[in-house]
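Numbering (the UniProt record's numbering), first residue to last: 1 to 132. We treat Cβ as the ideally placed atom computed from N, Cα and C, and that holds for glycine.
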Amino acid sequence: MAIGERIRFFRNMKGITQKYLGMVVGFPERSADVRMAQYETGSRTPKADLTKTLADFFDISPDALTVPDIDTDIGLMHTLFALEDIRGLTIGEIDGEVCLRLDKSKGKTYTNMLDMLSAWAEQAKKLEAGRS
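This is the structure:
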């Protein structure tokens, strides 16, 4: 999920307009909504200082807004957080083991993800059987 989509997600979670958010982070009233729309659509990318200001306003880490680097543990965690936000991935425990689950209440998203993960599991099973 690109930074613009993450900004929109957190803005919508707060129930605020683009104009309000733009003014809160320091843009003039007359251009605040246009500027935030540009960031949300990806036609502009916020610089690091604005990303920090937005993150502070949303009370999140700047890493939660940026496209994570999954080569780091922190980046991977923020990818999982994004999957929780947009795909309903949840964390839980089964028999004392930490596990990730799909949220059945997500309807079509749940069905699509289940189909894809099931196909992955089937291919992994075939690969493992070929190694034996």
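Check	Outcome
Closest residue to Y20 among M13, M36, F9 (Cα-Cα distance)	M36
Buried/exposed call for L65, threshold 16 Cβ in 10 Å	buried
Pair within 7 Å by beta-carbon distance, R101 and G92	yes
Three-state class that DSSP yields for L65 in the structure shown	coil
Integer-rounded CB distance, given that V25 should sit under 8 Å from T53	5 Å
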